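Read the structure below first, then the notes.
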Amino acid sequence: MFSSHESLRIPPLTSRLPLTVQVDGEPVQAFAGETVATVLLAIGRRTFRHTENTHAPRGIFCGMGVCFDCLVTVDGLPDVRACVTPVQAGMVIDTRGGSDA
Amino acid sequence: MPERTELVVVGAGPAGLAAAVEAAGLGLAVTLVDGYPRPGGQYFKQTPPELADAAGPEGHPTALFAEVAQADVRLVSDTLVWGIFPEADGFLICLYGPPGTPRRLLAQTVVLAPGAYDRPAPFPGWTLPGVMTAGAALALVKHQRVLPGRRVLLSGTGPLQLVLARHLIDGGAEVVAVLDANPFPWTAWQHALAAWGQWERLGEGWAAWRTMRRAGTALRWRHLVRRAEGNEQVERAIIGPVQGGGAETVAVDAICLGHGFTPSVQLARQAGCQDRYDPDQRAYVPVRDEWLQTTLPGLFVAGDGAGIGGKDVAQWEGRLAALGAARQLARAVPPDRVAAVRRELARQRRFAAVLTDLFPPSAHLGSLLTDDTVLCRCEEITVGEIRRTIDDGATTLNAVRMVTRAGMGRCQGRMCGGPVAELLAREIGQPVEAVGQVTPRPPVMPVPLEGLLEEET
Ligand SMILES: Cc1cc2nc3c(=O)[nH]c(=O)nc-3n(C[C@H](O)[C@H](O)[C@H](O)COP(=O)(O)OP(=O)(O)OC[C@H]3O[C@@H](n4cnc5c(N)ncnc54)[C@H](O)[C@@H]3O)c2cc1C
Ligand code: FES
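What follows is the structure in structure tokens.
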């Protein structure tokens with residue numbers, strides 16, 4: 001069930017606390033302390049959303065909460081900045097909103 | 001009624017931490033507010049404790065943190081300052097944080113220490129996922145322990161790129177090349193470093209250089225990335241010399257842009273401080289007096305938020321601003337302390353100036369833009385659309401903004417303000433300062449509507 005791209009995570013992972021979140025309906029392993037952006041990158045996901053006007057793919061850019069490119073839907077709340085939002089067990093992350101608004 | 005305090009410091013990076021400690025030492029009642037969950041800002045950014053034991057060898061530089069822990073400073077973390085309004089008896093500070101955080105503070109004096117963000121450097125394809133700032137990549141590797149990609153290209157200028165390259169290589173990524181848009185500065189470096197005894201920095205540089213040599217990573221001067229290509233994410237980079245031909249294509253899955261930093265001036269502007277264009281920084285910076293006080297008496301700006309100077313300038317500016325605030329509050333300010341702080345600050349500024357001279361923001365970036373390059377990432381406004389408004393007679397940033405909506409998106413022009421102004425100035429043959437700039441409106445950071453209210457609902 002878990003995606004197996006953990007190799008983008010820099011080892012050692014042994015002392016990290018695993019937890020499970022949902023990404024686009026699939027269970028995905030994450031670790032406590034990670035941001036939503038880190039979890040997406042770690043499973044090989046670069047595209048976090050598509051823009052409304054031109055449907056262009058977007059992902060993490062500034063990594064510090066100022067550019068608003070990394071927006072995803074978290075637990076039903078749209079336009080959450082993935083780069084500054086820590087994951088929590090059971091969090092439901094959606095990248096399919098396609099929304100810019 | 002808003003809670004009253006003598007000093008509010010906004011931003012808990014090197015500048016804000018030092019300001020808070022210095023002010024508390026002089027007996028001021030200090031509240032230190034920061035938007036992140038943990039204090040430290042950019043330089044002392046803390047790895048989340050759950051990931052910390054896996055983090056690199058550096059650990060946390062602790063001297064300043066220890067001082068803060070001992071000082072009588074009220075720290076309010078995870079809380080954004082979204083607006084500052086001058087009032088008759090001080091400044092009304094508007095906050096938004098977790099439940100229980102005050103929503104308003106009335107401060108007699110304010111030290112803004114909001115830091116900076118990576119200078120946006122548009123080129124064709126820069127919105128593709130996988131293209132990110134050097135700051136983003138370094139934060140991912142150092143503090144999230146995840147690689148931004150497996151085959152990574154670095155393009156920009158300055159020593160931070162080498163630091164990033166070392167962390168990427170140590171983390172297991174392949175760094176295909178480090179491109180620096182400026183020429184090789186070895187002679188100047190040697191003189192600069194030797195003159196001021198910056199051996200610590202020299203050591204860091206060597207460590208990075210050795211790691212790159214071992215990994216076979218090429219450092220190419222006077223080169224930059226010209227275009228990023230790919231379908232859903234970046235797959236190829238077209239790289240070449242800053243001027244002239246000879247482009248080549250390299251396969252990559254991440255590109256990191258390290259063109260230096262640009263000050264976060266939004267809060268100072270929103271509050272109503274006057275600013276001026278600094279051609280060396282290629283940015284607007286707040287006008288300050290010898291106490292780092294802005295044109296609004298009682299409001300000070302310290303650190304990278306007033307012009308990029310690095311962690312040491314930031315700390316000494318923080319201390320000087322705190323002394324200035326104490327003086328403004330009619331407290332006794334020891335003259336020899338003031339003299340010592342000024343001396344140290346002057347020394348650190350000399351080194352910072354050398355770095356700025358060696359690695360100026362590249363003047364060649366503008367030549368990369370094509371009509372279909374997106375400049376405003378939020379509203380997806382292209383160079384072509386902006387050129388059309390210029391052809392139609394627009395000569396100010398505001399005019400361009402009204403027609404195209406460039407700069408009116410969520411980031412409030414933080415990403416596109418500089419690049420659009422530079423494009424406009426180039427096209428109409430005027431200096432950048434002639435085309436004006438974007439004034440952010442409160443809230444300067446997005447806050448839910450409910451969060452704007454004075455009381456929690
Ligand atoms: C990756 C990286 C590596 C670096 N390496 C070096 C180096 O080796 N040597 C060196 O001298 N310099 C280095 N620098 C630069 C150095 O980090 C900065 O010069 C220094 O951190 C500036 O300190 P500051 O206090 O001005 O701002 P910052 O450290 O940026 O801190 C600003 C703080 O303000 C907060 N803030 C901003 N706006 C708001 C708001 N509206 N509400 C609430 N809080 C807010 C932010 O959350 C942040 O914590 C590096 C920078 C980066 C990004
Ligand atoms: S990447 Fe810029 S806000 Fe998240």
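So the protein lines, in turn, are chains A and B.
Under the working numbering, the first residue of the first sequence is numbered 1, with each subsequent residue one higher.
Under the working numbering, the first residue of the second sequence is numbered 1, with each subsequent residue one higher.
Heads up, the beta-carbon is just placed ideally off N, CA and C, and yes, glycines get one too.
Computed from a predicted structure; not experimentally measured.
In terms of alpha-carbon separation, which member of A:Cys83, A:His55, A:Gly97, A:Gln22 lies closest to glutamine 144 of chain B? A:Cys83
Excluding five sequence neighbours on each side, which residues of the same chain lie with their C-beta closer than 6 Å to the C-beta of alanine 20 of chain B? Sequence-distant partners of alanine 20 of chain B (beyond 5 residues in either direction) whose C-beta falls short of 6 Å from its own C-beta, in its chain, are Val9, Val30, Leu32, Val73.
Alanine 181 of chain B and leucine 224 of chain B look like a contact to me (Cβ under 8 Å); what is the Cβ gap, rounded to whole Å? 5 Å
As assigned by DSSP and simplified to three states, the class of aspartate 336 of chain B: helix
Could you give the C-beta distance for leucine 147 of chain B and glycine 171 of chain B, rounded to a whole number, given that I count them as a contact under 8 Å? 5 Å
With a cut-off of 8 Å, does the C-beta of methionine 408 of chain B fall near any C-beta of chain A? no
Just the chain B side, please: which residues come within less than 8 Å of isoleucine 10 of chain A by C-beta, in chain order? Ala54, Val141, Arg145, Val146, Leu147, Gly171, Gly172
Separation of threonine 54 of chain A from arginine 81 of chain A, as counted between CA atoms: 20 Å
Can you give me the C-alpha to C-alpha distance between arginine 103 of chain B and threonine 294 of chain B, rounded to a whole angstrom? Approximately 25 Å between the Cα atoms of the pair.
Does at least one heavy atom of ligand 2 sit under 7 Å from the Cβ of cysteine 256 of chain B? no
Whole beta strand (DSSP E) elements within the region 289–324 of chain B, 3-residue minimum: 299–301
Does the Cβ-Cβ distance between alanine 325 of chain B and threonine 109 of chain B come in under 8 Å? With a cutoff of 8 Å on beta-carbon distance, alanine 325 of chain B and threonine 109 of chain B are scored as near each other.
Is the closest heavy atom of ligand 1 to the C-beta of glycine 16 of chain B under 7 Å? Answer for glycine 16 of chain B: yes, Cβ within range of ligand 1.
Put alanine 113 of chain B into one of helix, strand or coil per three-state DSSP. In this structure, alanine 113 of chain B counts as coil in the three-state DSSP scheme.
Just checking: is the beta-carbon of isoleucine 93 of chain A within a distance shorter than 8 Å of some beta-carbon in chain B? Nearest CB-CB separation between isoleucine 93 of chain A and chain B: not below the 8 Å threshold.
Taking only beta-carbon positions, decide if glycine 130 of chain B is within less than 8 Å of chain A. yes
Of the listed residues B:Gly35, B:Cys273, B:Pro263, nearest to glycine 303 of chain B (C-alpha basis): B:Pro263
Assigned exposure category for leucine 17 of chain A - 16 Cβ within 10 Å defines buried: exposed
What separation, rounded to the nearest whole angstrom, lies between the Cα atoms of glutamate 344 of chain B and glycine 16 of chain B? 17 Å
Rounded separation between leucine 358 of chain B and valine 175 of chain B - CA only: 23 Å
Keeping to the same chain, check which residues put their C-beta closer than 7 Å to that of alanine 173 of chain B; ignore five residues upstream and five downstream. Leu147, Gly149, Arg150, Val152
Limits of the alpha helix (DSSP H) - the one that valine 141 of chain B falls within: No alpha helix (DSSP H) holds valine 141 of chain B; DSSP gives it neither H nor E.
Can you check DSSP and say which residues form a bridge with leucine 95 of chain B? B:Val81
Look up glycine 156 of chain B in the DSSP assignment and give the residues it is bridged to. DSSP lists B:Asp180, B:Gly258 as the bridge partner or partners of glycine 156 of chain B.
Give the residues of chain B in contact with glycine 90 of chain A, contact being defined as C-beta atoms less than 8 Å apart. Per Cβ cutoff of 8 Å: no residues; glycine 90 of chain A is ~16 Å from chain B at best.
At a threshold of 7 Å, does alanine 135 of chain B count as lining ligand 1 (C-beta to nearest heavy atom)? Just to set this straight, residue 135 of chain B is glycine in the shown sequence, not alanine. True, at least one ligand heavy atom lies under 7 Å from that Cβ.
Please state whether DSSP places alanine 66 of chain B in a helix, a strand or coil. Residue state, collapsed to three classes: helix.
Flag cysteine 83 of chain A as yes when its Cβ comes closer than 7 Å to any non-hydrogen atom of ligand 2, and as no otherwise. At least one heavy atom of ligand 2 is found less than 7 Å from the C-beta of cysteine 83 of chain A.
Indicate the three-state DSSP secondary structure (helix, strand or coil) for histidine 223 of chain B in the structure shown. strand
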